[in-house]
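Numbering (this note's numbering), first residue to last: 7 to 310.
Here a beta-carbon is modelled for each residue, glycine too, at the ideal position from N, C-alpha and C.
Predicted model, so just to flag it, every value in this text is computed and none were measured.
Each remark here refers to the structure printed beneath this line.
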Ligand SMILES: NC(=O)c1ccc[n+]([C@@H]2O[C@H](COP(=O)([O-])OP(=O)(O)OC[C@H]3O[C@@H](n4cnc5c(N)ncnc54)[C@H](O)[C@@H]3O)[C@@H](O)[C@H]2O)c1
């Protein structure tokens, strides 16, 4: 047992299995008291069918730690609020929330139904909002706290998971908004884009060159929750962790600008001006997709 998070109260959603479970176990091992949330649903969401939150609490307690289970659905406002209420009732404060819960419903955009779009966005994006909303109200008064959202490299775009990609992009903007809006209250907000072996990554139809274990991700999250990261004023960041690799993503910024002289823009003037001046920023994932298509045509196993 370490003491990286000694005295802190941390809530983790989706903590019944996979990365969330590893985060909850690591936080408890580093001295945090942990609220373990999981609704216990299959990978595509739906009705709960297991009590995984309770079993992770038992693991933590058996290892000498302190934890409490909350089996609510974080895609509801009441679920997000309950996680924070339980932390306050049980332990008197909330120092960090880590929103890991997620589901997948894969379908090409042109075939995707409302039933495949809504729950995915509700679990990832709204499920981060509900917890951030409830926690930040308390953290603002405490004058300290850490919010952590879970995104994915897929926020850049996805062939068959537009719902998931859109939610993950939204989480990054939500995290940056939280970082901006709560900075003056001493609250930090960051996002993690993991690549780790879980039931979710087992679904990826390609060989991942860079992948690690949930415990690698848990180590990064533990650091981000700690005073060491707060001393470095780490906020508004997106980190990838994939086995031995940690990477920081660029802040979105304008790449190139051009200015019209004289008369107002018309489509015709833009057609003459834009391609040779402002141009495009090529999409790395499109190039990767084309390389994969070539590999598939050559009957090789595609990499990513
Ligand atoms: N595994 C990877 O390589 C990878 C890659 C990119 C992003 N991610 C992201 O990391 C996070 C964790 O992924 P994982 O691989 O551990 O997945 P996982 O499926 O193993 O675990 C997700 C957990 O979330 C819980 N959950 C789902 N809906 C919930 C709800 N409404 N309320 C409460 N709990 C709910 C599930 O019951 C499950 O235990 C997800 O946000 C995922 O999108 C994972």
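| Query | Result |
| --- | --- |
| Look at the alpha carbon of residue 86 and the alpha carbon of residue 80, and state the distance between them as a whole number of angstroms. | 5 Å |
| Could you tell me whether the Cβ atoms of residue 174 and residue 160 are closer together than 8 Å? | yes |
| Quick check on the DSSP output: the alpha helix (DSSP H) that includes residue 191 runs from which residue to which? | Here residue 191 belongs to no alpha helix (DSSP H), and DSSP marks it neither H nor E. |
| Out of 274, 182, 158, 126, which one is the CA nearest neighbour of residue 152? | 182 |
| I'd like the span of the beta strand (DSSP E) that includes residue 245, first residue to last. | 244-248 |
| Per DSSP, residue 167 forms a beta bridge with which residues? | 113 |
| Would you call residue 135 buried or exposed, if buried means 16 or more other Cβ atoms sit within 10 Å of its Cβ? | buried |
| Under the DSSP definition of a beta bridge, which residues are partnered with residue 156? | 198 |
| So, are the CB atoms of residue 241 and residue 133 less than 8 Å apart? | no |
| According to DSSP, is residue 218 helix, strand or coil? | strand |
| What residue from 75, 31, 191 has the CA that sits closest to residue 149's CA? | 191 |
| Can you grab the Cα-Cα spacing for the pair residue 267 / residue 276, in whole Å? | 12 Å |
| Use the C-beta contact count for residue 36: other C-beta atoms within 10 angstroms, 16 or more gives buried, fewer gives exposed. | buried |
| Let's test the definition: count the other Cβ atoms within 10 Å of the Cβ of residue 119 and tell me whether it reaches 16, buried, or not, exposed. | exposed |
| Once you ignore the five residues that flank residue 207 on each side, which residues in its own chain have a CB closer than 8 Å to its CB? | 201, 214, 217 |
| Between residue 156 and ligand 1, is the CB less than 7 Å from at least one heavy atom? | yes |
| Report the rounded CA-to-CA distance for residue 103 versus residue 284, giving the unit in angstroms. | 41 Å |
| For residue 265, count neighbouring C-beta atoms within 10 Å of its own C-beta (all shown protein chains included) and say buried if the count is 16 or more, exposed if not. | exposed |
| Is the Cβ-Cβ distance between residue 177 and residue 110 less than 8 Å? | no |
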